[in-house]
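Structure representation (structure tokens):
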């Protein structure tokens, strides 16, 4: 078990570092925007809420690219790896361009749909149009990084991500506030984001060519219908799974907002605390997906079982331990964000609940990646849809609103959802019916 943990962590740590750095950039971005004014913060917040839906689709596409590449790597079929990489890039380019055209043409209508008021509509539309029109580069960032991870290389995306984030922060400051010239404000923030992504994509493409994962030969870039069909067949349910989660969050977040400012603030701050656990869980899931795919390609079922169980146990141990530390230190650390005693008490309470439910969250995170790596993207989609809508959203209303438990009821509902999904995913895992040809 220890050797399996080590193999997972070798791949997971760079992915965790990359995700953590990205979160820090988001924090710095918000800090800079707050210097411009609350309207700018709100405008970017609304635009980014919509972009989260874009990210869900692009992440699903990327995850499926990892599945196919890792399988072919396990089989030792280098030529097939190159074909998968080129076709994944072509499909990603098409999807990214479609999202970009829609964003450019309907930016204002999209933000109206998100509930943007007249005071933020102009700046929000400008920001969204600049950032979302080149959706090609957002989609490419996810897919290109996923291709590396499928081969077992999580260090290259981390290095590129680090450089990207440094460029992003520097350009953010210079373009927003100016340097020997007048700053461009929110427009500067948008341009800085796009420039960083363009640089990241160009670097990843260069590294792909350097590692011989793509070659500029016509036969390699020929459209392969079987590969495209596999990407779409795996990607569509995976995208729906993430969208079910996002739309469910929009619904029950609305319920929490109506509970009052203090409750919503406590929920937001508690969510920021749990982000540390989520980042680590996501990194381990990324590593697990690559390892499971490679072992399935090599037809080594013993290693598949070993890595699957190691991933579950490792995530349960680390994520629960981190949440316990956050819960134990919350009475002190929460004071860094607020001096409102009611909010601090709520944060401590919900972190205590989340500590008790973290083992289930770890199982859900781990087994979702295991099943998807095995080619079964539909079952996690069904489980997520049922859990989010029938248990979590309904539970938030019943416990939080109807029975008046407030934020405590919200987090109990979230925990119940995770425990039910964990049981269903574990039962599915034990049947091994999730292992399919991709």
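In the numbering used here, the protein residues as written are 627 to 1064. Think of the CB as a built atom: it goes at the ideal place given N, C-alpha and C, for glycine as much as any other residue.
*According to DSSP, is residue 1002 helix, strand or coil?*
coil
*So, using beta-carbon positions, are residue 689 and residue 864 closer together than 8 Å?*
yes
*Integer Cβ distance of residue 811 from residue 662, believed to fall under 8 Å*: 6 Å
*asked:* Is the beta carbon of residue 871 closer than 8 Å to that of residue 1022?
replied: no
_Once DSSP output is grouped into helix, strand and coil, what is the label at residue 887?_
In the three-state DSSP reduction, residue 887 falls in the helix class (H, G or I).
*asked:* Can you find the residues in the same chain that come closer than 6 Å, C-beta to C-beta, to residue 631, ignoring five residues on each side of it along the sequence?
replied: Apart from the 5 residues on each side of it in sequence, residue 631 sits with its Cβ closer than 6 Å to the Cβ of 936, 940 in its chain, given in chain order.
*Might you give, ordered along the chain, the residues of its own chain that have their beta carbon closer than 6 Å to the beta carbon of residue 877, omitting 5 neighbours on each side?*
1019
_Option nearest residue 757 by Cα separation, candidates 704, 743, 678_ = 678
*Stretch pair the stretch 952-960 + the stretch 968-985: three plus CB contacts closer than 8 Å*: As far as the Cβ criterion goes, the stretch 952-960 touches the stretch 968-985, which means the pair count is three or higher.
*Do you know offhand how far residue 1027's Cα is from residue 778's?*
46 Å
*Residue burial classification, residue 644 (beta-carbon count within 10 angstroms, cutoff 16)*: That one is buried.
*Kindly give me the distance between the Cβ atoms of residue 715 and residue 769, rounded to whole angstroms, as I take these residues to be in contact under 8 Å.*
7 Å
*Per DSSP, what kind of secondary structure is residue 748 in: helix, strand or coil?*
helix
*asked:* Measuring straight from C-alpha to C-alpha, what distance separates residue 765 and residue 774?
replied: 15 Å
*List the endpoints of the continuous alpha helix (DSSP H) containing residue 1053.*
1032-1057
*Assign residue 731 to buried or exposed, taking buried as 16 or more other Cβ atoms, counted over all protein chains shown, within 10 Å of its Cβ.*
exposed
*Report the option in 934, 652, 671, 744 whose CA atom is closest to the CA atom of residue 1058.*
934
*Can you give me the start and stop residues for the alpha helix (DSSP H) that residue 966 sits inside?*
From DSSP, residue 966 is part of no alpha helix (DSSP H); its letter is neither H nor E.
*Sequence-distant residues of the same chain with beta carbon closer than 7 Å to residue 761, five excluded per side*: Same-chain partners within the cutoff: 680, 722, 725, 726, 729.
*Ignore the nearest five residues each way along the sequence and tell me which others in residue 752's own chain have a CB closer than 8 Å to its CB.*
Taken in chain order, the residues that qualify are 812, 813, 816.
*asked:* Please report the straight-line C-alpha distance between residue 703 and residue 997, rounded to a whole angstrom.
replied: 23 Å
*Look at the Cβ atom of residue 948, then the Cβ atom of residue 903, and state whether they are nearer than 8 Å.*
yes
_When you compare the CB positions of residue 642 and residue 740, do they come within less than 8 Å of one another, or not?_
no
*Report yes if the CB atom of residue 1051 is closer than 8 Å to the CB atom of residue 990, and no otherwise.*
It is a contact, given that the beta carbons lie within the stated cut-off.
*Going by C-alpha distance, which of 648, 659, 785 is nearest residue 801?*
659
_Inter-residue spacing [alpha-carbon to alpha-carbon] between residue 915 and residue 776_ = Cα to Cα, the separation comes out at about 8 Å.
*asked:* With H, G and I counted as helix, E and B as strand and the rest as coil, what does DSSP make of residue 760?
replied: Residue 760 carries a coil assignment under DSSP once its states are collapsed to helix, strand and coil.
*alpha helix (DSSP H) containing residue 807: first to last residue?*
Run containing residue 807: none; DSSP gives neither H nor E here.
*Under 8 Å by Cβ, that's how I've got residue 867 and residue 1006 pegged, so tell me the actual separation to the nearest angstrom.*
5 Å
*Report yes if the CB atom of residue 986 is closer than 8 Å to the CB atom of residue 1055, and no otherwise.*
no
*DSSP three-state assignment for residue 740, whether helix, strand or coil*: coil
*When DSSP labels each residue in this structure, what does residue 1061 get in the three-state scheme?*
coil
_Buried or exposed, going by whether 16 or more other CB atoms sit within 10 Å of the CB of residue 893?_
buried
*residue 780 - DSSP class collapsed to helix/strand/coil*: In the displayed model, residue 780 falls within coil according to three-state DSSP, outside both helix and strand.
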